[in-house]
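Participant: In the UniProt record's numbering, the protein residues as written are 1 to 424.
Glycine included, every Cβ here is placed at the ideal spot set by N, Cα and C.
First, the structure itself, so that you have it in front of you.
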């Protein structure tokens, strides 16, 4: 599903081309018949003319649109949604690259959909540069049933750079935590659907009502330097969720939230799952997770599927160069997920899990069982590889491994010792 990113940046071409003969042409026509003006002065005037013309053209090539000029108010009390949409519309009405600039301050925004496609947007290069903070309404009923707070739909070549997105989800978390009736599902802070060539860089997502960032049915997405933060008791506040997408890269980011840090697939878990909820379902494949530190999390790397019939799969997955610090379940495959024990006849998952590599993983487990493969009796996990894995229980105690219907091999030093039912 998610594959290694291969970004191709299309550099906008200038509207005018200057050939070497252009300056020569001007020089020839400006050269005086009588040497009353020094040639050096003429050359300086020509170069100044060319520089000024190029600068003017460049200003048209990349226009900057300040949301303040469209009526946005930075005090955090007046709804600025219309101003942001007007700035987006202005950027879309030109084929040249544009920057929507959000200065310092707190800007109150309701649910906003930034629409792309040629029907709504001519531009294939819009950057939203945020120096301030976008703030969701404090009343969760305002956006709680909308699915997304800030949604980019069917866009191409959009970059979100910097800034804070504050979902103000505390009220909704409390509603759910105390079991109140009629609590809305909650809104995702930032969503991209049906989009291509997306960059999310240096963004801070705070206190989302539900998911923080969702990449859905999109291609060529780079997430870098992102910080996600929400309370440990905030339900369903996954950091970054990726589904039905390809060529997605997430690097150099810090995620601390109440649910899964990164989830891939139609459901939620750290990295892959929850697969197999439906009989006909797309799988997850070609996923690489590397150079990550997990600190005090419930799970490290987990593949999870429902214990019910499905034609889904998880394959060609690599977990490498990982550090676990006091993680409750550092390495997990769980094919018996069935909340409330309903709708899972026989607890037999139809999801096929194969070709999964765990390489160079070190650290400490908060529980004695550091490696747990709980696979399906109908479709045992196969082609599982543990290579150079060293996990201890707490500080120096020996950790254990547990395997059910799991087939694989080990390579190099592996601790705890593998417990595969057979080699492959």
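Taking the runs of the beta strand (DSSP E) that are 3 residues or longer, which of them lie wholly in the region 290-369?
Facilitator: 299-306, 313-327, 329-337, 352-365
Participant: Using 10 angstroms around the beta-carbon of residue 18, count the other beta-carbons present and answer buried if the total reaches 16, otherwise exposed.
Facilitator: In the chain shown, residue 18 corresponds to position 18, counting from 1. Low confidence applies to residue 18: its pLDDT is 26, below 50, so where it sits in the model is not reliable, and the reading given next is rough at best. Residue 18 comes out exposed.
Participant: Quick check on the DSSP output: what are the complete alpha helix (DSSP H) runs of length 4 or more inside the region 113-181, in order along the chain?
Facilitator: 117-120, 170-177
Participant: Excluding the 5 residues flanking residue 94 on each side, which residues of the same chain have their C-beta closer than 8 angstroms to its C-beta?
Facilitator: Here residue 94 is taken as the residue at index 94 of the chain shown, counted from 1. Same-chain partners within the cutoff: 63, 122, 123.
Participant: Classify residue 203 as helix, strand or coil using the three-state DSSP reduction.
Facilitator: Residue 203 sits at position 203 when you count from the first residue of the chain shown. DSSP places residue 203 in coil when its eight states are reduced to three.
Participant: Please work out which residues of its chain come closer than 7 angstroms, Cβ to Cβ, to residue 41, disregarding the five sequence neighbours upstream and downstream, and give them in chain order.
Facilitator: For the purposes of this step, residue 41 is taken as the residue at position 41 of the chain shown. Its pLDDT being 40, under 50, residue 41 is placed unreliably in this model, and the value from its coordinates should be taken loosely. The beta carbon of residue 41 lies closer than 7 angstroms to none in the same chain, with the five residues before and after it left out.
Participant: Using 8 angstroms as the Cβ pair cut-off and three pairs as the minimum, do the region 132-149 and the region 216-228 touch?
Facilitator: The region 132-149 makes no contact with the region 216-228: fewer than 3 CB pairs, one atom from each, lie closer than 8 angstroms.
Participant: So the candidates are 154, 403, 392; which of them puts its Cα closest to the Cα of residue 374?
Facilitator: In the chain shown, residue 374 corresponds to position 374, counting from 1. Ranking 154, 403, 392 by Cα distance to residue 374 puts 403 first.
Participant: Kindly indicate the opening and closing residues of the beta strand (DSSP E) around residue 401.
Facilitator: Stepping through the chain shown from its first residue, residue 401 is reached at position 401. Counting along the chain, the beta strand (DSSP E) containing residue 401 begins and ends at 400-404.
Participant: Looking at residue 67: is its Cβ nearer than 8 angstroms to the Cβ of residue 83?
Facilitator: As a working note, residue 67 is residue 67 in the chain shown. As a working note, residue 83 is residue 83 in the chain shown. It is a contact, given that the beta carbons lie within the stated cut-off.
Participant: Do residue 131 and residue 163 have their CB atoms nearer than 8 angstroms?
Facilitator: In the chain shown, counting from the first residue as 1, residue 131 sits at position 131. In the chain shown, counting from the first residue as 1, residue 163 sits at position 163. In contact: residue 131 and residue 163 (Cβ atoms closer than 8 angstroms).
Participant: Work out the CA separation of residue 333 and residue 343 for me, nearest whole Å.
Facilitator: Position 343 of the chain shown, counting from 1, holds the residue named residue 343. Position 333 of the chain shown, counting from 1, holds the residue named residue 333. If you take the alpha carbons of residue 343 and residue 333, they lie about 20 angstroms apart.
Participant: Please check the pair residue 328 and residue 366, which I expect to be a contact at CB under 8 angstroms, by giving their CB distance rounded to whole angstroms.
Facilitator: In the chain shown, residue 328 corresponds to position 328, counting from 1. In the chain shown, residue 366 corresponds to position 366, counting from 1. Right, the Cβ-Cβ distance comes to about 5 angstroms (below 8 angstroms), so this counts as a contact.
Participant: Can you say whether residue 237 is buried or exposed, counting buried as having 16 or more other CB atoms within 10 angstroms of its CB?
Facilitator: Counting from one through the chain shown, the residue named residue 237 turns up at place 237. Residue 237 should be labelled buried.
Participant: Can you tell which of 79, 189, 416, 188 has the C-alpha that lies nearest to the C-alpha of residue 389?
Facilitator: Numbered from 1 along the chain shown, position 389 holds the residue referred to as residue 389. For residue 389, the nearest C-alpha among the options comes from 416.
Participant: If you follow the alpha helix (DSSP H) that residue 89 is in, where does it begin and where does it stop?
Facilitator: Position 89 of the chain shown holds residue 89. Looking at the DSSP string, the run of the alpha helix (DSSP H) that includes residue 89 is 81-92.
Participant: Nearest-angstrom Cα distance between residue 294 and residue 326?
Facilitator: As a working note, residue 294 is residue 294 in the chain shown. As a working note, residue 326 is residue 326 in the chain shown. So the alpha carbons of these two residues sit roughly 8 angstroms apart.
Participant: Secondary structure at residue 226, three-state DSSP: helix, strand or coil?
Facilitator: Start at 1 with the first residue of the chain shown, and residue 226 comes out as number 226. Correct three-state label for residue 226: coil.
Participant: Classify residue 420 as helix, strand or coil using the three-state DSSP reduction.
Facilitator: In the chain shown, residue 420 corresponds to position 420, counting from 1. Here residue 420 sits in coil by DSSP.
Participant: DSSP puts residue 212 in a beta bridge; with which residues?
Facilitator: Here the question's residue 212 lines up with position 212 in the chain shown. Answer is none; residue 212 lacks a bridge partner.
Participant: Are the Cβ atoms of residue 153 and residue 112 separated by less than 8 angstroms?
Facilitator: Sequence index remark: in the chain shown, residue 153 carries index 153 (1-based). Sequence index remark: in the chain shown, residue 112 carries index 112 (1-based). Not closer than 8 angstroms, so no.
Participant: Would you kindly work out how many angstroms separate the C-alpha atoms of residue 313 and residue 65, rounded to a whole number?
Facilitator: By one-based count along the chain shown, residue 313 stands at place 313. By one-based count along the chain shown, residue 65 stands at place 65. Residue 313 and residue 65: Cα-Cα distance of roughly 46 angstroms.
Participant: Can you say whether residue 178 is buried or exposed, counting buried as having 16 or more other CB atoms within 10 angstroms of its CB?
Facilitator: Your numbering for residue 178 matches position 178 in the chain shown. Exposed: under 16 other Cβ atoms inside 10 Å.
Participant: Within its chain, find whatever has a CB closer than 8 angstroms to the CB of residue 290; leave out the 5 residues flanking it on each side and keep chain order.
Facilitator: Stepping through the chain shown from its first residue, residue 290 is reached at position 290. These residues qualify, in order along the chain: 318, 319, 320, 321, 322.
Participant: Would you mind reading off the limits of the beta strand (DSSP E) that contains residue 238?
Facilitator: Position 238 of the chain shown holds residue 238. Here residue 238 belongs to no beta strand (DSSP E), and DSSP marks it neither H nor E.
Participant: How about residue 116 and residue 155: are their beta carbons less than 8 angstroms apart?
Facilitator: Reading the chain shown from its first residue, position 116 is the one you call residue 116. Reading the chain shown from its first residue, position 155 is the one you call residue 155. Yes, these two residues count as a Cβ contact at 8 angstroms.
Participant: Could you tell me the distance, in whole angstroms, from the CA atom of residue 414 to the CA atom of residue 392?
Facilitator: Within the chain shown, residue 414 is the residue found at index 414, counting from 1. Within the chain shown, residue 392 is the residue found at index 392, counting from 1. About 11 angstroms.
Participant: Give the straight-line distance between the Cα atoms of residue 228 and residue 265, rounded to the nearest whole angstrom.
Facilitator: One-based indexing of the chain shown puts residue 228 at position 228. One-based indexing of the chain shown puts residue 265 at position 265. Near 20 angstroms, if we compare the C-alpha coordinates of residue 265 and residue 228.
Participant: What are the boundary residues of the beta strand (DSSP E) that includes residue 394?
Facilitator: Residue mapping note: residue 394 aligns to position 394 of the chain shown, counting from 1. Element bounds for residue 394: n/a, residue is neither H nor E.
Participant: Helix, strand or coil: how does DSSP classify residue 264 here?
Facilitator: As a position in the chain shown, residue 264 is number 264, starting the count at 1. In this structure, residue 264 counts as strand in the three-state DSSP scheme.
Participant: Are the Cβ atoms of residue 363 and residue 309 separated by less than 8 angstroms?
Facilitator: The residue given as residue 363 occupies position 363 in the chain shown. The residue given as residue 309 occupies position 309 in the chain shown. In this structure, residue 363 keeps its C-beta atom at 8 angstroms or more from the C-beta atom of residue 309.
Participant: Would the beta-carbon of residue 336 fall within 8 angstroms of that of residue 354?
Facilitator: Residue numbering aside, residue 336 sits at position 336 when the chain shown is read from its first letter. Residue numbering aside, residue 354 sits at position 354 when the chain shown is read from its first letter. No.
Participant: Excluding the 5 residues flanking residue 307 on each side, which residues of the same chain have their C-beta closer than 7 angstroms to its C-beta?
Facilitator: Position 307 of the chain shown holds residue 307. The answer, listed in chain order, is 335, 336, 337, 338, 344, 347, 348, 349.
Participant: Roughly how many whole angstroms lie between the Cα atoms of residue 92 and residue 203?
Facilitator: Locating residue 92 in the chain shown gives position 92, counting from the first residue. Locating residue 203 in the chain shown gives position 203, counting from the first residue. In a straight line, the C-alpha of residue 92 is about 22 angstroms away from that of residue 203.
Participant: Tell me, please, whether the CB atom of residue 340 is closer than 8 angstroms to any CB atom in chain B?
Facilitator: Absent from the structure is chain B; it holds one protein chain and no more.
Participant: Which same chain residues, not among the five before or five after residue 170, have their C-beta less than 7 angstroms away from its C-beta?
Facilitator: For the purposes of this step, residue 170 is taken as residue 170 along the chain shown, with counting starting at 1. Same-chain partners within the cutoff: 207.
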